[in-house]
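Read in the numbering used here, the first sequence has 184 at position 110, and its numbers run on one by one without any break. All remarks here apply to the structure that follows.
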Amino acid sequence: MKIFNSLTSKKETFKPKIKNEVSIYICGLTPYDDVHIGHARTFINFDVIVKFLRFIGFKVKYVRNITDIDDKIINRAREEDVPALDFSRKYIEEMHKDFLSLSIESPDIEPKVSDHIDEIISMIQSLEEKGYAYRKDESDVFFDIQKFKDYGKLANRTLDQLSAAERTIADLNKNHEADFVLWKIDTDGITWPSPWGEGRPGWHIECSAMSIKYLGEEFDIHGGGLDLKFPHHENEIAQAKCATDKKFASLWMHTGPLRIEDKKMSKSLKNFITVKDILKDFHPEVLRLFFLLTHYRSPIAYSKEGLENAKRVLDKFYTLFSNIKIPSKFNEDKSFREEFISVFQDDFNSPKAISLLQAYAGKAESGRDVSTDRLCTLKVLLNSLGLLLDETENYFKYGEFDLSIEEIEKLISDRNDARENKKFDLADKIRNQLANKGIVLEDLDGKTIWKKS
RNA sequence: GGCUGAGUGGCAGAGUGGUCAUGCAGCGGAUUGCAAAUCCGUCUACGCCGGUUCGAUUCCGACCUCAGCCUCCA
């Protein structure tokens, strides 16, 4: 298996530390607003990656954190006059609901920063003992990037380049402009006592502390959205390596951004579409397939047309299996499975793997190659990506309608009466009436079924 | 400005030094009361300019355009 390593900018043969086991840490969300489809992209990508690793037989330990201490949370909570952790708890619940709707599997461990203050403090202490952390007078505690010779390796940036960057606020307590906070001194908002005084952890240290706690000082894969590469992941590496003198994560993976109108979808740009909004119109698997039709490292331009295209593709798969009963016992088509795996394990090439499945589906439809074993294998492979898991009926009737099921069925029955009596004008009128409500009819083998358009 | 990535047919999107991606849409046909669904057939491509090569969309160089990061961000 090959995986692109952001640290070396090369595809590398994947060799986990322990044979057949994978330890993976993914940076999760800061819960202070609804989950948007840019987040969904990242977590669906990693969901599929973890699923695939398990599918081919790896034992995976998957950790995905929640950053529940953050200035934005504190500020928003203050605006609403509720305790910060109550505020974030509310959005954690929303996040879990959204992820469940999207069939994103829960990680094995989902640690929160607020539960790991002790680990964070002791990591900062060891950085302090080794001379990587400093403070002036009673200032915040900073990490001294000039003491860490590999600083900038992940982002491919030198200290000079970092100095040259225009920074709006220069903190006079810092040795270098790019030094970052390990412990922020504060008495307002949510704080904990520490050897340096009342305060809270800086952003970055939590992920170093929690990944090491659950996966050890050296583990296989660390990932997240591309926007976390610098400074977040760069800083994580600095802290973890300096505190432990170990390698930390061997492989770094970053998912590409979701764009909307040629800009990255992000909370700060306020150009986001929430998961809840999308799921009003589209089945969750449509969103999943929309993402999988593009490689995880490439940017995706969000568009309604793109989602509609993904829907048509998924419709075809569901239609193919709508009349096929999958037997409980069948012989898996090994060569098909192997072909799929060999494509997918080249840096998780989902678009190529799906095109392979589409080609097989096409062959099956044409009646040229309809061995049940092969069809069943196709279903297994789609399922492995988190697709084709819903009942056909549910899938095609997903969404909101203006009409009740009873009303729809009454109209269908009226139309069929009209057809029996050759009153085709009336029949077509009823069909148009339903079409205007977003319901399409199909007359199959003397039976009429309906779908949401 | 620095660093990184990308520009493929109407659209999405892989890939490759010389035979086909794949799918959606379109078009023609079968089927249907007419549609839909399904089936058969089918068109359109590699940003621009040079170079290497017998041959380049694929390798090299310049240019143009776009995006991401450099400040919070998945």
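Note that beta-carbon positions come from the ideal geometry of N, C-alpha and C, so glycine has one too.
Contacting residues, own chain, Cβ-Cβ under 8 Å from residue i (five flanking each side not counted)
i, result
"residue 77", "85, 86, 88, 295, 325, 327, 421 and 422"
"residue 280", "139, 141, 143, 187, 190 and 194"
"residue 505", "489 and 515"
"residue 90", "96, 97, 132 and 294"
"residue 339", "110, 111, 112, 331, 332, 333, 345, 346, 347 and 376"
"residue 492", "498, 500, 501 and 504"
Residues near residue i by beta carbon distance below 7 Å, same chain, minus five either side
i, result
"residue 494", "none"
"residue 92", "none"
"residue 82", "none"
"residue 121", "178, 179 and 460"
"residue 512", "475, 526 and 527"
"residue 451", "406, 407, 410 and 411"
"residue 200", "317"
"residue 265", "272, 273 and 274"
"residue 428", "366 and 367"
Same chain, Cβ closer than 6 Å to residue i, neighbours up to 5 away in sequence not counted
i, result
"residue 271", "259"
"residue 486", "522"
"residue 466", "392 and 396"
"residue 256", "198, 207, 215, 217, 276 and 279"
"residue 227", "none"
"residue 129", "458"
"residue 75", "88 and 419"
Cross-strand partners of residue i (DSSP beta bridge)
i, result
"residue 78", "85"
"residue 329", "299"
"residue 138", "100"
"residue 515", "524"
"residue 554", "One cannot answer for residue 554 here, as it falls past the ends of the chain, which runs 75 to 527."
"residue 471", "Partner(s): none; residue 471 has no beta bridge."
"residue 95", "133"
"residue 151", "Answer is none; residue 151 lacks a bridge partner."
"residue 195", "None; residue 195 has no bridge partner."
"residue 348", "110"
"residue 479", "Residue 479 is not bridged to any residue."
"residue 375", "333"
"residue 207", "217"
Three-state class that DSSP yields for residue i in the structure shown
i, result
"residue 404", "coil"
"residue 520", "coil"
"residue 113", "helix"
"residue 165", "helix"
"residue 359", "helix"
"residue 237", "helix"
"residue 215", "strand"
"residue 341", "coil"
"residue 322", "strand"
"residue 542", "Residue 542 is absent from the model: the chain starts at 75 and stops at 527."
"residue 368", "coil"
"residue 334", "strand"
"residue 242", "Because the pLDDT of residue 242 is 47, which lies under 50, any placement of that residue in the model is unreliable, and the question is left without a value."
"residue 178", "coil"
"residue 398", "coil"
"residue 392", "helix"
"residue 146", "helix"
"residue 484", "helix"
"residue 387", "helix"
"residue 156", "coil"
"residue 224", "coil"
Through-space distance from residue j to residue i, alpha-carbon basis
i, j, result
"residue 443", "residue 436", "Confidence at residue 443 is low in this model, with a pLDDT of 49, below 50, so its placement is unreliable and the value that follows should be read with caution. Their backbone Cα atoms lie some 9 Å apart in a straight line."
"residue 117", "residue 154", "29 Å"
"residue 242", "residue 222", "At residue 242, the pLDDT of 47 sits below 50, so the modelled position is not reliable; the number obtained from the coordinates is stated separately. If I take the Cα positions, the gap works out to 24 Å."
"residue 276", "residue 412", "46 Å"
"residue 373", "residue 332", "6 Å"
"residue 286", "residue 321", "11 Å"
"residue 162", "residue 471", "35 Å"
"residue 112", "residue 376", "9 Å"
"residue 468", "residue 358", "12 Å"
"residue 307", "residue 104", "15 Å"
"residue 336", "residue 97", "35 Å"
"residue 404", "residue 449", "10 Å"
"residue 498", "residue 355", "32 Å"
"residue 417", "residue 119", "16 Å"
"residue 110", "residue 517", "38 Å"
"residue 158", "residue 147", "6 Å"
"residue 211", "residue 247", "9 Å"
"residue 289", "residue 297", "14 Å"
Item checked: Residue ranges of each beta strand (DSSP E) within the region 418-469, 3 or longer -> none
Checklist line | Complete alpha helix (DSSP H) runs within the region 251-320 (minimum length 4 residues, chain order) | finding: 279-289 and 308-318
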